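Chemist: Before anything else, here's the structure in question.
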Amino acid sequence: MLVLGGVHPNEPAGYLAAVLLVENLQVDTGRLWVIPRSNASAFSATEPQEGHPQHYTLAARDGSPREFRLGSRLTNPLDQWPDPEITVHHPSGQKLSGNETRNLNRCFPGRPGGSHTEQVAWAISQLIERERIELVIDLHEASLEYPVINAIVCHERASEIAGAALFGLEMDGFEFNLEPSPKNLHGLSHRELGDRFDGLYALLMETANPIQGRLRGRTQVSQIIEGTDACYLRAQAIGMNRVPFTADGIPLRLRVARHLAGFRELLAGLTWTDPDREMLFRGLPDKDTLLEQGLAPFLNPAVR
């Protein structure tokens, strides 16, 4: 199994969920790969003209501060420039807007002699091939007004696993939408990896992130950590949000809990469809623990 975090580094819950897996999970049966910073270059820059903070700070398990980068959706232009007027996806030939050439989630399956971003996608594809990985989960976030939100997006081969996971998630109090991977939009992890590798189950999960949205108020760190925003409250009142939003916001700990619950239930769905692929693990905090205690008890102190 492979978990991808940080494909879009401006989506912190996907990155933090992957970090918690690395720092807490103990696998007893099966094999797990986790890449928290899938597009490492994009962590070295922020979104142009968005006013995003470069960093946010969380407490670690010993109470010490630990700083995390908030990156960009796209590869740093210092590593890949200039953007073409039109991006042509390889190998489909589909035409996309020019800056999508630096979007890792439009560059799968990648190619060895391509751009920086295509080479990153190719490296991930090679890992899947060489290690015979059977399940890929790509962790993302989106704005509250985005149509595909609080969702599992799945390649058609993985629809049975995703459907089984929805039952467990609803029993845990999480509402998820199930979205099919579009066959006519290329470069996406779930579409390209699922098409490329026979037998691979490829999925993506989305949570709601207030700092990404066009309807947010003044950009500030509290939108990342507490997930609160007065303008999104107004948007809720006039029906412009795709997910419920209250004065309590959608805190980072809840969004991370959604991703980790999805990880757990998708594994359960895989076991349900094929008991020989069961993965046994321990150390993963559940929803109630994360909501009560926050992320701090599950984050290692920063290495200094």
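Heads up: the sequence shown begins at 756 in this note's numbering, then just goes up one per residue. Even for Gly, the Cβ is constructed at its ideal location relative to N, Cα and C. These numbers come from a predicted model, not from an experiment.
Could I get the ranges of all uninterrupted beta strand (DSSP E) runs contained in the segment 892 to 944, with 3 residues as the minimum, in chain order?
Modeler: Complete beta strand (DSSP E) runs here, min 3: 906 to 909, 932 to 935.
Chemist: What does the alpha-carbon distance come out to for the pair Asn-1055 and Asp-1041?
Modeler: Along the sequence shown, read from residue 1 onward, the residue named residue 1055 stands at position 300. Along the sequence shown, read from residue 1 onward, the residue named residue 1041 stands at position 286. If I take the Cα positions, the gap works out to 18 Å.
Chemist: Ends of the beta strand (DSSP E) at Ile-790?
Modeler: Residue mapping note: residue 790 aligns to position 35 of the sequence shown, counting from 1. Here the beta strand (DSSP E) through Ile-790 covers 788 to 790.
Chemist: Could you give the first and the last residue of the continuous alpha helix (DSSP H) run that contains Val-777?
Modeler: Position 22 of the sequence shown, counted from the start, is the residue given in the question as residue 777. Counting along the chain, the alpha helix (DSSP H) containing Val-777 begins and ends at 767 to 779.
Chemist: Helix, strand or coil for Thr-962, going by three-state DSSP, please let me know.
Modeler: Taking the sequence shown and counting its residues from 1, one reaches residue 962 at position 207. Three-state result, Thr-962: strand.
Chemist: With the cut-off set at 8 Å, would you say Tyr-811 and Ile-980 are in Cβ contact?
Modeler: Indexing the sequence shown from 1 puts residue 811 at position 56. Indexing the sequence shown from 1 puts residue 980 at position 225. Yes; because the gap between Cβ atoms is below 8 Å, this pair is in contact.
Chemist: Ignore the nearest five residues each way along the sequence and tell me which others in Asp-927's own chain have a CB closer than 7 Å to its CB.
Modeler: Position 172 of the sequence shown holds residue 927. If we look at Asp-927 and ignore the five residues flanking it on each side, its Cβ neighbours are Ala-1016, Lys-1042.
Chemist: Helix, strand or coil for His-810 per DSSP?
Modeler: Along the sequence shown, read from residue 1 onward, the residue named residue 810 stands at position 55. It is a strand residue.
Chemist: Below 8 Å, can you find three or more Cβ-Cβ pairs linking the segment 767 to 781 to the segment 832 to 849?
Modeler: The segment 767 to 781, when compared against the segment 832 to 849, does not touch it at the 8 Å Cβ threshold.
Chemist: Three-state secondary structure (DSSP) at Ala-957?
Modeler: Locating residue 957 in the sequence shown gives position 202, counting from the first residue. In the structure shown, Ala-957 sits in a strand (DSSP, three-state: E or B).
Chemist: Return helix, strand or coil for Ile-1005, following the three-state DSSP convention.
Modeler: Numbered from its first residue, the sequence shown carries residue 1005 at position 250. Three-state DSSP puts Ile-1005 in coil, outside helix and strand.
Chemist: The alpha helix (DSSP H) that contains Thr-872, what's its start and end?
Modeler: Your numbering for residue 872 matches position 117 in the sequence shown. Residues 871 to 886.
Chemist: Does the Cβ-Cβ distance between Ala-768 and Leu-1050 come in under 8 Å?
Modeler: Counted from its first residue, the sequence shown places residue 768 at position 13. Counted from its first residue, the sequence shown places residue 1050 at position 295. Against a cut-off of 8 Å, the Cβ pair of Leu-1050 and Ala-768 comes out as no contact.
Chemist: What distance in whole Å lies between the Cβ atoms of His-910 and Gly-942, which are believed to be in contact at a cut-off of 8 Å?
Modeler: If you number the sequence shown from 1, residue 942 lands on position 187. If you number the sequence shown from 1, residue 910 lands on position 155. Incorrect: roughly 14 Å between the Cβ atoms, too far for contact.
Chemist: Just to confirm, is the Cβ distance from Glu-961 to Asn-905 under 8 Å?
Modeler: Taking the first residue of the sequence shown as position 1, residue 961 is located at position 206. Taking the first residue of the sequence shown as position 1, residue 905 is located at position 150. For Glu-961 and Asn-905, yes; Cβs fall inside 8 Å.
Chemist: Less than 8 Å between the beta carbons of Asp-893 and Leu-959, yes or no?
Modeler: What you label residue 893 is simply residue 138 of the sequence shown in a count that begins at 1. What you label residue 959 is simply residue 204 of the sequence shown in a count that begins at 1. Going by C-beta atoms, Asp-893 is nearer than 8 Å to Leu-959.
Chemist: So who's on the other strand from Pro-820, going by DSSP bridges?
Modeler: By 1-based counting over the sequence shown, the position of residue 820 is 65. Answer is Ala-814.
Chemist: Is it true that the CB of Cys-862 sits closer than 8 Å to the CB of Ala-1067?
Modeler: Missing from the structure shown is residue 1067; the chain here goes from 756 to 1059 and no further.
Chemist: Please tell me whether Glu-889 and Arg-1019 are closer than 8 Å, where the distance is taken between their beta carbons.
Modeler: Residue numbering aside, residue 889 sits at position 134 when the sequence shown is read from its first letter. Residue numbering aside, residue 1019 sits at position 264 when the sequence shown is read from its first letter. Not a contact, by the Cβ cut-off of 8 Å.
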